[in-house]
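Each remark here refers to the structure printed beneath this line.
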Amino acid sequence: MGGTGDAHGITHRLDVLGFNCPVPVAKTREALEELNNGNVLEVVADDPETLHDMPLLIGRGPHHLLDVKKQEGEIRFIIEVSA
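Okay, structure coming up:
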């Protein structure tokens, strides 16, 4: 996980490329617990199951799924952290 920045105001990036369920969701949950309110996390995955699992994770908590993009075999989730 590291800092970046773009049009979504991304403050942190989590690369879970090459990992399959349940690792991407578990690592995302851990990252969200470490971040502060208002931070924006970009998660980059390639496991197709994340298209189903990530919205479920975000829907169960206070965080907001701002965007999902699928391109060239990668799936990018933009998540705003909320307390």
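Per my numbering, residue 12 is the first one in the sequence shown, and the count goes up by one each step. C-beta: ideal position from N, C-alpha, C; glycine also.
- Of the candidates Asp57, Glu41 and His23, His23 places its Cα closest to the Cα of Gly49.
- In the DSSP annotation of this structure, the continuous segment of the beta strand (DSSP E) that includes Leu52 starts and ends at Val51 to Ala56.
- The Cβ atoms of Val55 and Ile89 do not sit closer than 8 Å to each other.
- Around the beta carbon of Pro66, fewer than 16 other beta carbons sit within 10 angstroms, so the residue counts as exposed.
- Apart from sequence neighbours up to five positions away, the residues of its chain that approach Leu43 with a beta-carbon distance below 8 Å are Leu52, Gly72, His74, Ile90 and Val92, ordered along the chain.
- Residue pairing by DSSP places Leu25 opposite Val54 in a beta bridge.
- Separation of the CB atoms of Leu68 and Arg40 is rounded to 6 Å, and the pair is thereby assigned contact status at 8 Å.
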